[in-house]
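**Q** So the sequence shown is residues 19 to 173, counted in my numbering. All C-beta atoms in this analysis are idealised placements derived from N, C-alpha and C, irrespective of residue type, glycine included. Please find one structure pasted underneath; my questions will follow.
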Amino acid sequence: MWLTACTSPQVPQEQITVSILADGKFYQVQVPAGSNAQDAYDTAGIQLGELDRSMPPTFTALTEGSQISLVRVREEYYIEQVVIPFEHQELRNEALPIGERLLSQAGVNGLEEKTYRRVYEDGVEVQNTVIKTETIQEAIPEIVMVGSQASFASL
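So, in structure tokens, the structure goes:
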């Protein structure tokens with residue numbers, strides 16, 4: 019006695035050709051019909067980074083002759099310290115003779131830290147944004163007393 023089984027006929031899946039532009043190189047790959055952009059990248063051996071951008075998006079179904087491109091995106095953060103110049107203030111003082119000047123408080127510069135986020139697409143800077151500003155030390159104003167005492171005239 020012979021046992022036989024029925025199997026569905028195997029139909030070869032149609033392949034489509036897709037063009038990829040990534041990392042300054044041009045690739046042509048064959049993928050099964052109905053594949054998406056991510057499948058094409060995988061077939062070409064192209065790894066996508068977390069921030070990388072695919073056009074069209076990776077979930078897009080592809081058709082014969084589809085063209086997809088990959089933009090490599092990276093970001094970096096850096097901190098810059100900025101001096102905050104102190105202000106100059108003058109206060110009139112009637113206890114000082116006219117024209118006399120007296121330093122009451124020396125000025126001190128302050129310090130501010132700015133954190134920037136730089137974004138690069140395919141190695142070209144496309145954005146540079148301040149994302150945080152923090153005052154490390156407040157500026158202290160310089161205060162100068164200016165004499166305003168008038169001499170008394172005799173009557």
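Quick check on the DSSP output: what are the complete beta strand (DSSP E) runs of length 3 or more inside the region 117-145, in order along the chain?
**A** 119-123, 128-139
**Q** Is there a C-beta anywhere in chain E that falls below 8 Å from the one on Val-47?
**A** No chain E appears in this structure, which consists of one protein chain only.
**Q** Give the secondary structure of Ala-79 by DSSP, where H, G and I count as helix, E and B as strand, and everything else as coil.
**A** Translated into positions along the sequence shown, residue 79 becomes position 61. The answer is strand: DSSP assigns Ala-79 an E or B state.
**Q** At which residue ranges does the region 41-77 contain complete alpha helix (DSSP H) runs of 4 or more residues, listed in the order of the chain?
**A** 55-62
**Q** From the DSSP output, read off the bridge partner residues of Gln-85.
**A** Your numbering for residue 85 matches position 67 in the sequence shown. In DSSP, Gln-85 forms a bridge with Ser-37.
**Q** Which partner residues of Gln-99 appear in the DSSP bridge assignment?
**A** Stepping through the sequence shown from its first residue, residue 99 is reached at position 81. BP columns for Gln-99 point to Glu-131.
**Q** Assuming Ile-102 and Glu-130 form a contact by the criterion Cβ under 8 Å, report the distance between their Cβ atoms to the nearest whole angstrom.
**A** As a first step, residue 102 must be located in the sequence shown, where it is residue number 84. As a first step, residue 130 must be located in the sequence shown, where it is residue number 112. So it is a contact: roughly 5 Å between Cβ atoms.
**Q** Select from Gly-165, Thr-147, Glu-32, Ile-64 the residue whose C-alpha is nearest the C-alpha of Ile-97.
**A** Within the sequence shown, the letter at position 79 stands for residue 97. Among Gly-165, Thr-147, Glu-32, Ile-64, the Cα nearest to that of Ile-97 is on Thr-147.
**Q** Do the region 116-135 and the region 65-81 make contact, defined as three or more Cβ pairs closer than 8 Å?
**A** no
**Q** Can you have a look at Tyr-95 and say buried or exposed, based on whether 16 or more other CB atoms are within 10 angstroms of its CB?
**A** Within the sequence shown, residue 95 is the residue found at index 77, counting from 1. Under this definition Tyr-95 is an exposed residue.
**Q** Taking just the CA atoms, how far does Gly-141 sit from Ala-55?
**A** As a first step, residue 55 is located in the sequence shown; it is residue number 37 there, counting from the start. As a first step, residue 141 is located in the sequence shown; it is residue number 123 there, counting from the start. Taking the straight line joining both Cα atoms gives about 23 Å.
**Q** How would you write the range of the beta strand (DSSP E) that Gln-107 sits in, first residue to last?
**A** For the purposes of this step, residue 107 is taken as residue 89 along the sequence shown, with counting starting at 1. That run of the beta strand (DSSP E) goes 106-115.
**Q** Along the beta strand (DSSP E) that carries Ile-161, what are the first and last residues, could you check?
**A** Counting from one through the sequence shown, the residue named residue 161 turns up at place 143. Membership of Ile-161 in the beta strand (DSSP E) is indicated by the continuous run 160-167.
**Q** Quick one, which of Asn-111, Val-137, Thr-35 has its alpha-carbon nearest Thr-81's?
**A** Indexing the sequence shown from 1 puts residue 81 at position 63. Of Asn-111, Val-137, Thr-35, the residue nearest in Cα terms is Thr-35.
**Q** Find the nearest neighbour of Leu-69 within the set Pro-115, Lys-132, Leu-88, Ala-157, judged by alpha-carbon distance.
**A** In the sequence shown, the residue the question calls residue 69 occupies position 51. Nearest of Pro-115, Lys-132, Leu-88, Ala-157 to Leu-69, Cα basis: Leu-88.
**Q** Enumerate in chain order the residues of its own chain whose CB-to-CB distance from Val-29 is below 8 Å, with the five nearest sequence positions on each side excluded.
**A** Walking along the sequence shown from the start, residue 29 turns up at place 11. Note that Val-29 scores 49 on pLDDT, short of 50, meaning its location in the model is unreliable; the coordinates nonetheless yield the value given after this. If we look at Val-29 and ignore the five residues flanking it on each side, it has no Cβ neighbours.
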